[in-house]
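Report on the structure given below.
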Amino acid sequence: MARDFTKVGVIGLGTMGAGIVEVFARNGIDVVAVEVSDEAVEKGRGVLSNSTGRAVARGKLTEDEQAALHARVHFTSDMGGLRDCQLVVEAVPEHLDLKKEIFAKLDAIVADDAILATNTSSLPVTEIAVATVNPKRVVGMHFFNPAPVLQFVEVIKTVITSDEIFEDVKALAERIGKKPVIVGDKAGFIANALLFGYLNHAVAMFESKYATREDIDAAMRLGCGYPMGPLALMDLIGLDTAYEILDTMYKQGRDRLHAPSPIIKQMVTAGLKGRKSGRGFYTYAAPGKSEVV
Ligand code: 3HC
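Note that the sequence shown covers residues 11 to 303 in my numbering.
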């Protein structure tokens, strides 16, 4: 029988991490939400409040349900708070050394039978797993942005992940309303491997002044029925995250399709990271807001 998860942890409360916290809490699971500093904790709390506030404003959540959801989340800057979590999802920036360091620490904090999951988009789960003493309990659990909305989760099984742990994670993904699919440990898994060549191509088109940002996005939205255009989607994902994903995929596969268009790095260096910073290919009403000005 699949494990009954009542308390999980999430490390890293950026766009993805805060979204993952919301998904668990919405589904009645207690969450320990961890960030590196008190300031980062407050930012993460703000992302969660914005998202649940929007759901209340749209009549999708009552104020009582919102209060109950928030009461299920314990924010902290102390990783020790994760000690009695049955599963921890790591959602920190895409740097292999950072993730390995976190997994090595986590291994020593949580109980021996706790599951460790990484939300990495493109880094090798196997390499993260071997930073722990027991790599059998490590899986990939890759959510999509916005996590509270998109119903897909890639569950990544390494050559060493135990079958039982893998089945528990799949069952958990279903319980929180997601469709889990099983994928091997290859850069970009399924979705990002298909998506990022397309996004990079759109950026190259914009960079070469072949077409305007509005026309590139309209082509895919209105011409092909995609929910958003590629440049707006880059802004949603975050240009820093997109750069790291492309760079990792390029280094692993050497496919020119994934060689990051130079403007992405330039924009990241200039602080134009997309919605999260208030400006990317478009300018937003405020950091984290979706309204374009
Ligand atoms: N957080 C939480 N909820 C959000 C949200 C956010 N950031 N943005 C939108 N929503 C919710 C809204 O509240 C609304 O909920 P409701 O239907 O319950 O009222 C619903 O989503 C629809 O929102 P809107 O009506 O404002 O706007 P749209 O219908 O245009 O949908 C969208 C917005 C969901 C972002 C949609 O445009 C979309 O799906 N875009 C594509 C996103 C995508 O491709 N994501 C994958 C990126 S790749 C990735 O994540 C992998 C990683 O490794 C990088």
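Every residue, glycine too, gets a C-beta built ideally from N, C-alpha and C.
As the structure is a computational prediction, the values presented were derived from the model and not from experiment.
Checklist entry - Which residues in the same chain have their Cβ closer than 6 Å to the Cβ of Asp48, if we skip the five residues on either side of it in sequence? => result Ser87
Next on the checklist: Nearer than 7 Å: is that true of the beta carbon of Pro237 relative to any heavy atom of the ligand 3HC?
Outcome noted: yes
Item to check | Val20 beta carbon less than 8 Å from that of Ala50 | outcome: no
Checklist entry - How should Ile192 be labelled, buried or exposed, when 16 other C-beta atoms within 10 angstroms of its C-beta is the threshold for buried? => result exposed
Checklist entry - Candidates Ala141, Phe15, Leu106 and His152: which alpha carbon is nearest Ala203's? => result His152
Item to check | Coarse secondary structure for Ile125, derived from DSSP in three states | outcome: strand
Checklist entry - Considering Phe34, what are the terminal residues of the beta strand (DSSP E) in which it resides? => result Looking at the DSSP string, Phe34 is not in any beta strand (DSSP E); the run it does join, the alpha helix (DSSP H), is Thr25 to Arg36.
Checklist entry - Exposed or buried, Ser218, counting other C-beta atoms within 10 Å across all chains shown (16 or more means buried)? => result exposed
Item to check | Supposed close pair Arg82, Ala35 - CB separation, criterion 8 Å | outcome: 4 Å
Item to check | Three-pair Cβ contact test at 8 Å for the stretch 150-169 versus the stretch 128-136 | outcome: yes
Checklist entry - Does the Cβ of Ser87 lie closer than 7 Å to at least one heavy atom of the ligand 3HC? => result no
Next on the checklist: Could you compute how far the alpha carbon of Ala212 sits from the alpha carbon of Leu160?
Outcome noted: 23 Å
Item to check | Three-state secondary structure (DSSP) of Ala81 | outcome: helix
Next on the checklist: Let me check one thing: in DSSP terms, what residues is Tyr294 bridge-paired to?
Outcome noted: Val302
Next on the checklist: Tell me the residue span of the beta strand (DSSP E) that contains Met215.
Outcome noted: Where Met215 is concerned, there is no enclosing beta strand (DSSP E), although the alpha helix (DSSP H) it sits in stretches over Ala201 to Glu217.
Next on the checklist: Just to confirm before moving on: does the CB-CB distance between Pro270 and Leu256 stay below 8 Å?
Outcome noted: yes
Checklist entry - Is there at least one non-hydrogen atom of the ligand SAM closer than 7 Å to the beta-carbon of Pro158? => result Annotation note on the ligand SAM: not contained in the displayed structure, which lists the ligand 3HC as its ligands.
Checklist entry - Just reading off the beta strand (DSSP E) that Ala43 is part of, what are its end residues? => result Asp40 to Val44
Next on the checklist: Tell me the residue span of the alpha helix (DSSP H) that contains Lys53.
Outcome noted: Asp48 to Ala67
Next on the checklist: Are the CB atoms of Ala183 and Val163 within a distance shorter than 8 Å?
Outcome noted: yes
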